[in-house]
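Residue numbers (our numbering): 2 to 243.
C-beta: ideal position from N, C-alpha, C; glycine also.
Keep in mind it's a predicted model, so treat the numbers as computed, not measured.
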Ligand SMILES: [Zn+2]
């Protein structure tokens, strides 16, 4: 039985890392240089690919080269545009927010142009500054009518229900919290995927086994049932077969 890791930065794993044969990754980029590495690795192994420019990148690197970056993404024929979105924890000023918006709007236009689904990175703002608090509500508005996957979903159950009502999917990470438990309870298994976000959050793709176990426990299901559903959902969303 194959488990799909819907979000792995696999090109950043240690050189000697060997992926277990029952884990199939979606390879994800977040900047021009990481997109290039992701595309090369995905092509080599025939893995599904999601590439895009993430909001943090617009602040770290600016957006002057956006045309060139977009051209590369379009040329690489990915399965989805992502990870892209709004990160209000990273943004510190109104100018940062403006840059994130210019970039995100461009990524949305690209996904629409290419008729591709979109993988969203979003973080709300826990700080007291001029940056808005809530990124997820803005994302829900901006992506209405699109096929959306919320990666490392960190919003509340109410927002989760809104996303699913609009046809969206949520990707669940192994980390446990009260809020995440409530999201898993409220959202149908038909709309859940699992991910490691390795090596940044889960150290390796194997952590999706814990995410699967978490969903099985909360929903009182067999592990096999969760694997079958999340794998099918990932294949539907990213349009590939294992
Ligand atoms: Zn990521």
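Beta carbon of residue 201: closer than 8 Å to some heavy atom of ligand 1?
As a working note, residue 201 is residue 200 in the chain shown. Under cutoff, so the answer is yes.
Could you tell me which residues DSSP pairs with residue 6 in its beta bridges?
In the chain shown, residue 6 corresponds to position 5, counting from 1. According to DSSP, which records beta bridges pairwise, residue 6 is partnered with 26.
Going by the C-beta, is residue 31 closer than 8 Å to any heavy atom of ligand 1?
As a first step, residue 31 must be located in the chain shown, where it is residue number 30. It does: the Cβ of residue 31 is within 8 Å (strictly closer) of some heavy atom of ligand 1.
Taking the alpha carbon of residue 113 as the point to measure from, which residue in 31, 145, 176, 179 has its own alpha carbon closest?
Taking the first residue of the chain shown as 1, we reach residue 113 at position 112. The shortest Cα separation from residue 113 among 31, 145, 176, 179 belongs to 145.
Less than 9 Å between the beta carbons of residue 217 and residue 202, yes or no?
Within the chain shown, the letter at position 216 stands for residue 217. Within the chain shown, the letter at position 201 stands for residue 202. No, these two residues do not count as a Cβ contact at 9 Å.
Which same chain residues, not among the five before or five after residue 39, have their C-beta less than 7 Å away from its C-beta?
Position 38 of the chain shown holds residue 39. 12, 28, 29, 30, 50, 52, listed in sequence order.
Determine, using beta carbons only, whether residue 229 and residue 174 come nearer to each other than 9 Å.
Locating residue 229 in the chain shown gives position 228, where the first residue counts as 1. Locating residue 174 in the chain shown gives position 173, where the first residue counts as 1. Contact: no.
Quick one: give me the first and last residue of the beta strand (DSSP E) that residue 149 is part of.
Mapped onto the chain shown, residue 149 falls at position 148. Element bounds for residue 149: 149-151.
Secondary structure at residue 84, three-state DSSP: helix, strand or coil?
As a working mapping, residue 84 is identified with position 83 in the chain shown. Residue state, collapsed to three classes: strand.
Does the Cβ of residue 46 have 16 or more other Cβ atoms within 10 Å, making it buried, or fewer, making it exposed?
Within the chain shown, the letter at position 45 stands for residue 46. Looking at its Cβ environment, which holds fewer than 16 other Cβ atoms inside 10 Å, residue 46 is exposed.
Say yes only if the C-beta of residue 198 is nearer than 8 Å to one or more non-hydrogen atoms of ligand 1, and no if none qualify.
Counted from its first residue, the chain shown places residue 198 at position 197. Yes; taking the cut-off as 8 Å, the Cβ of residue 198 has a heavy atom of ligand 1 nearer than that.
Under a Cβ-count criterion, where at least 16 other Cβ atoms within 10 Å of its own Cβ denotes burial, should residue 83 be classed as buried or exposed?
Taking the first residue of the chain shown as position 1, residue 83 is located at position 82. The residue is buried, with at least 16 neighbouring Cβ atoms inside 10 Å.
Beta carbon of residue 142: closer than 8 Å to some heavy atom of ligand 1?
Position 141 of the chain shown, counted from the first residue, corresponds to residue 142. No.
Assuming residue 104 and residue 64 make a contact with CB atoms under 8 Å, what is their CB distance in whole Å?
Mapped onto the chain shown, residue 104 falls at position 103. Mapped onto the chain shown, residue 64 falls at position 63. Contact flag correct, Cβ pair sits at about 6 Å.
Can you tell me which of the three DSSP states residue 195 falls into?
Looking up residue 195 in the chain shown gives position 194. Residue 195: strand per DSSP, three-state reduction.
Thinking residue 196 and residue 2 are a contact (beta carbons under 8 Å), I'd like their distance in whole angstroms, please.
Counting from one through the chain shown, the residue named residue 196 turns up at place 195. Counting from one through the chain shown, the residue named residue 2 turns up at place 1. About 17 Å separates the two Cβ atoms, so there is no contact after all.
Quick one: does the C-beta of residue 84 sit closer than 8 Å to a heavy atom of ligand 1?
Sequence index remark: in the chain shown, residue 84 carries index 83 (1-based). It does: the Cβ of residue 84 is within 8 Å (strictly closer) of some heavy atom of ligand 1.
Which value, in whole angstroms, describes the spacing of the CA atoms of residue 77 and residue 171?
The residue you call residue 77 lines up with position 76 of the chain shown. The residue you call residue 171 lines up with position 170 of the chain shown. Cα to Cα, residue 77 sits roughly 25 Å from residue 171.
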